[in-house]
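Q:
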C-alpha cells in the first residue's frame, strides 16, 4: 500500500515537473550581454504569454514568431537578430551587434522615450466635474459677491510667511501671499465658478486645510484640499413640514441620495457649483419626485414624465434668417453629438431661432433645413473643406488670434497644437485690415503658426516662440488658469 | 563661445532621457522638437558670481513642486516669475530661450544641430534672480530651448537651477515632504546660525564635486561605481557598458524603443537593481534604466557609471554638504527596513 502511494507521488512529480519548469516569469527572459539585450524564449509559452513578452520587451510579433521557428538570421527594422537553440524548449535571441544599429546612436542626438509605463499624473488641467458642494467643518471660505472668495487660515501666529497655492494660480508658490490678521491668515481672490484644489505653504512647508473634508490624492502619497466656487442655488419654496428634500438631475446621474437641501428662511435651498450648460433636474420631497414649481421649462423624459430644465451660463441664440417656406429647421452640432432631431428651431418673423446654453468652448454646427444641411450663412467662421464645411462658434472666447499685417492676402489660417496642426483650419476673418479668429482654450501651453496664402509664418506680434524640427519656429501661447 | 555646448547637450540628453511621450505630442505635426546643440569640447560652466544673498540669510525652506518626476522651484527674474527645474546634474543656471530671447548678450544662433535647427546656445547676464528670499545678482546663464520639456509636462519652465547656485551651502532635498532646504555654511561646513540637524541620517557618504557635479560611490554586485547625483534625471541610470557581474544583478523588466525625430534610433532597458548599496546599507529594490552613458561621460569629462535620479531621491531626505563634501540619507519608513 505504501509503495503504491509512493509511486503515485513520483508519477505526479514527473508529470508536474515540465509544467513547473515552464513557469512563465518575464523577469528571467532578458539579460544584458556586450551592451545588448539577450532574450531566452521558451517554446512552451502559450500564445497569450508570447504576446505579453512581445509587449513587455517591445519585440515585434513577426520577429518573435520567426525566433520560435528558429530562423537563424532575422532582419527587423535595421537590426539583425540571431537565434540559438539551447535545449528542447529554450531559444536564445540576440542581436548581431556588427550588423545592427542597436543602441549605438542613442547619445548622438536628443531622443524621446516612448514609454507609457511610468505612471505620471496627466499633464494639463483636468476638466471641472458637472457639479460640486463644499464640505467644511468650519467656515474658512466665504464666497462674496462677484465671485470673490475669502480664505481664512486660523492660527499659525508664529509663521513668518504664508502663501496659498492651488490650481487657480497654476500651483504657484509665490503668487498668492496671505495677510496676517488677528486670529490667523487671510487672502481674497477672484475665481471663475468651478472646482479648485489647493494647499497652504507655511514658511516653505506644504500644509493641508484641516477644516476642509473634501480632498483628493496629490499623486505623492498625500492629498490636496478641494473647494468649489459656487454659481447656482437650487431653491424650493414651501413644503414646511417636509422632513427631507433632495435634488437630483442629469448632472449627478439622478442620484437621489446625494444632494440634500437645507431649510433656509422658509425655503429649501442648496447652493452649489454647476457646470455651464443645460441640465435636467427634479426635487424629491420625502421620497416623492416633483418638478420645480418655480420653473416653467419642462421637457418630457421619453418615459411619460416631465423634468425641469435649467441653463447655467449665457444663453446664445442660434439664428437663421429667411427660409419662410421651410417646415422644419434643426440646429445640430458637436455639442449634441450631431443629433438631427433634438434641437428644433422656432419660427420667427425674420426666420428661425433657438435659445440655447453652451459651456465655454469651441463648437462646430450646421442647420438642417427640411433635411438639407447648410452652414450658418451669417457666421464668417467656418472649419473643414469642401462638402464638410461647418460653422464654427467660440463660446466665451478667451483669446483672439490677430494678424495685423498681410491685409492683402487672400486667405489666412491659424493652426497649431489646439487643432492638431490642421492645414485648412482655422480660417481667419478679415476685419478692418486685420485677420481675426476667436478661440476658447483650456489653460495650458499651445504652439501655433499662421498660414498666409500657403506660407507659414510666426505670429509677428508675439515675442514668444520656440524651435521646431523645421528650423522655422512655432509661436507659443500660454492660457493661464 | 561654444565651450558650454557639450555640457548642455549632455544635460539635455539626460533630462529628456526618461520623458514619456504624451499623445498630444505625437499628434503635433509641427510641434517643437528638442534642440540639438553642437558637440564641442567640454569645459566647466561658470555659474556667474553670487555676489549677494539675502541680508542675514542662514537657512530657508523652499517648497518643491512636481511635474511628473521633475522637481520644480519657483523663482523670479525681473518681472518674469515661474518654474525652474531643480537640477543637480546641471552646474549653473540655464534659461529657456522662449522667454529670454530678447535679453541675450551673446547669441549663437548659427550653432545648428543634427536636425539643422537653429538652436545654438546663447548666453546672458541675469541681473537679479530671487528665490524664496534669496537674491542672486549678476549671474551668468546659458540660454537654450526647453520647449520640449514644457510640451511633455504641460508646465511653463523658465529654466534649470543647477548646483553652482548652492555654493557653500548645505542642500537638503526632502522629497517625501516636497521641500528643499538650504543652509549657509561656515568654512568648516557647519550651519551658520541654524541649529544642527536633528535628523539622524541612516547613511553618510563622502562626495566628490567635479565641475559642479556631485559624484558618490555606490556598490552594485560588490563592485564600486561612480554615480552622479542628478535631481534632473527622472530615473536612475546604469551604464549598459558596466561589467558582466554588475549587469547580472539587474533584473530586466521591460524594454522601450527610443524615438528620435521621426525615427527609431535605439532602445532603453528598464530594470531593478537587486544588489545596490551605499556604504554598508543595501538600498533595494532600486529601479533603474540601463543605457549607454559613453557620450555623456565624454561631455562631463569624467567617466560616469550611472546616475542617481528620482528613484533614489524618493528614498527619503537627502542632504548634500558642499563644504564638507559629504552627503547623508534619512530613509523613508518603508526603506528603513
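Chains as they are written, first to last, in my numbering: chain Y, 1 to 481; chain A, 1001 to 1337.
All C-beta atoms, glycine included, are put in the ideal place defined by N, C-alpha and C.
Computed from a predicted structure; not experimentally measured.
Am I right that residue 323 of chain Y and residue 329 of chain Y are in contact with their C-beta atoms under 8 Å? What's the rounded C-beta distance?
A: Rounded, the Cβ-Cβ distance is 6 Å, consistent with contact.
Q: Cα-Cα, which of Y/155, Y/316, Y/246, Y/189 is closest to residue 288 of chain Y?
A: Selected option, being the one with the closest Cα: Y/246.
Q: With a Cβ-Cβ cutoff of 8 Å, do residue 1329 of chain A and residue 1318 of chain A count as a contact?
A: Cβ distance < 8 Å, so residue 1329 of chain A and residue 1318 of chain A count as in contact.
Q: Just to confirm my understanding: we take residue 107 of chain Y, look at its own chain, exclude 5 residues before and 5 after, and list those with CB closer than 8 Å. What are they?
A: For residue 107 of chain Y, the predicted structure reports a pLDDT of 41, less than 50, and the residue's modelled location is therefore unreliable. The matter cannot be settled from this model.
Q: Please confirm whether residue 463 of chain Y has its beta-carbon closer than 8 Å to some beta-carbon of chain A.
A: For residue 463 of chain Y, the answer is yes, since a Cβ of chain A falls inside 8 Å of its Cβ.
Q: For residue 476 of chain Y, return the contacting residues in chain A, with the cut-off set at a CB-CB distance below 8 Å.
A: The contacting residues are 1098, 1147.
Q: Pick out the complete alpha helix (DSSP H) segments inside the stretch 1284–1321 of chain A, 4 residues or longer, and give them in chain order.
A: Runs of the alpha helix (DSSP H) inside the stretch 1284–1321 of chain A: 1294–1300, 1310–1313.
Q: Applying the 10 Å Cβ sphere with the 16-neighbour rule, what's the burial state of residue 1148 of chain A?
A: Buried.
Q: Alpha carbon to alpha carbon, what distance is there between residue 223 of chain Y and residue 1220 of chain A?
A: Taking the straight line from one Cα to the other gives about 36 Å.
Q: Rounding to the nearest angstrom, what Cα-Cα distance links residue 1061 of chain A and residue 1180 of chain A in this structure?
A: Rounded to the nearest angstrom, the two C-alpha atoms are 6 Å apart.
Q: If you draw a straight line from the C-alpha of residue 1071 of chain A to the C-alpha of residue 1130 of chain A, how long is it?
A: Rounded to the nearest angstrom, the two C-alpha atoms are 18 Å apart.
Q: Are any of the Cβ atoms in chain A nearer than 8 Å to that of residue 454 of chain Y?
A: Judged by the 8 Å Cβ criterion, residue 454 of chain Y is not in contact with chain A.
Q: Quick one: what does DSSP say residue 479 of chain Y is sitting in, helix, strand or coil?
A: Residue 479 of chain Y falls in the strand class under three-state DSSP.
Q: Could you tell me which uninterrupted alpha helix (DSSP H) segments, each at least 4 residues in length, are contained entirely in the stretch 336–378 of chain Y, listed from first to last along the chain?
A: As far as the stretch 336–378 of chain Y is concerned, it has no whole alpha helix (DSSP H) run of at least 4 residues.
Q: Quick check: what's the CA-CA separation for residue 1295 of chain A versus residue 1306 of chain A?
A: For residue 1295 of chain A and residue 1306 of chain A, the distance between alpha carbons rounds to 12 Å.
Q: Does residue 1281 of chain A come within less than 8 Å of chain Y when only Cβ atoms are used?
A: Output row for residue 1281 of chain A: interface = no.
Q: For a test of the three-state rule: what should DSSP assign to residue 268 of chain Y, helix, strand or coil?
A: If DSSP states are grouped into helix, strand and coil, residue 268 of chain Y belongs with the strands.
Q: On the three-state DSSP scale, how would you describe residue 1222 of chain A?
A: If DSSP states are grouped into helix, strand and coil, residue 1222 of chain A belongs with coil.
Q: With distances taken Cα to Cα, identify the nearest neighbour of residue 1135 of chain A among A/1142, A/1126, A/1143.
A: Nearest C-alpha to residue 1135 of chain A: A/1126.
Q: Could you tell me whether the stretch 231–249 of chain Y touches the stretch 276–285 of chain Y, where touching means 3 or more Cβ pairs closer than 8 Å?
A: With the cut-off at 8 Å, the stretch 231–249 of chain Y and the stretch 276–285 of chain Y touch.
Q: For residue 1240 of chain A, does the three-state DSSP call read helix, strand or coil?
A: The answer is coil: DSSP assigns residue 1240 of chain A none of H, G, I, E or B.
Q: Would a check of beta-carbon distances place residue 1221 of chain A closer than 8 Å to chain Y?
A: Not one chain Y Cβ lies under 8 Å of residue 1221 of chain A.
Q: So if I threshold CB-CB distances at 9 Å, which residues from the stretch 425–437 of chain Y count as touching chain A?
A: Going along the stretch 425–437 of chain Y in chain order, one finds no residue with a Cβ nearer than 9 Å to chain A.
Q: Indicate whether at least one CB of chain A lies closer than 8 Å to the CB of residue 481 of chain Y.
A: Not one chain A Cβ lies under 8 Å of residue 481 of chain Y.
Q: Looking only at C-alpha atoms, which of A/1066, A/1299, A/1057 sits nearest to residue 1213 of chain A?
A: Among A/1066, A/1299, A/1057, the Cα nearest to that of residue 1213 of chain A is on A/1299.
Q: Kindly list, in the order they appear in chain Y, the residues whose Cβ is closer than 8 Å to that of residue 1241 of chain A.
A: Those are 35, listed as they occur along chain Y.
Q: Expressed to the nearest angstrom, what Euclidean distance is found between the alpha-carbon atoms of residue 1045 of chain A and residue 1143 of chain A?
A: Because the pLDDT of residue 1045 of chain A is 35, which lies under 50, any placement of that residue in the model is unreliable, and the number read from its coordinates should be weighed accordingly. Each residue's Cα considered, the two are about 12 Å apart.
Q: Closer than 7 Å, Cβ to Cβ, to anything on chain A: give me those residues from the stretch 37–63 of chain Y, in chain order.
A: Within the stretch 37–63 of chain Y, the qualifying residues are 37, 56, 57, 58.
Q: For residue 1041 of chain A and residue 1164 of chain A, what's the separation of their Cα atoms in angstroms?
A: Note that residue 1041 of chain A has pLDDT 26, beneath the 50 cutoff, so the model's placement of it is unreliable and the number below is only indicative. Each residue's Cα considered, the two are about 20 Å apart.
Q: What does residue 1132 of chain A touch in chain Y if you count any residue whose Cβ is under 7 Å from its own?
A: The contacting residues are 204.
Q: Taking C-beta pairs closer than 8 Å, name the residues in chain A that residue 444 of chain Y reaches, listed in chain order.
A: Going along chain A in sequence order, the residues near residue 444 of chain Y (Cβ under 8 Å) are 1154.
Q: At what residues does the alpha helix (DSSP H) containing residue 1098 of chain A begin and finish?
A: From DSSP, the alpha helix (DSSP H) with residue 1098 of chain A extends over 1097–1100.
Q: Are residue 1161 of chain A and residue 1059 of chain A touching if we call contact CB-CB under 8 Å?
A: Contact: no.
Q: Taking only beta-carbon atoms, is residue 1061 of chain A less than 8 Å away from chain Y?
A: Yes, residue 1061 of chain A counts as interfacial toward chain Y.
Q: Does the Cβ of residue 1200 of chain A have 16 or more other Cβ atoms within 10 Å, making it buried, or fewer, making it exposed?
A: Classification of residue 1200 of chain A: exposed, given that the 10 Å Cβ count is below 16.
Q: Please classify residue 487 of chain Y: is it buried, with 16 or more other beta-carbons within 10 angstroms of its beta-carbon, or exposed?
A: Lying outside 1 to 481, the shown extent of chain Y, residue 487 of chain Y is not represented and no answer is given.
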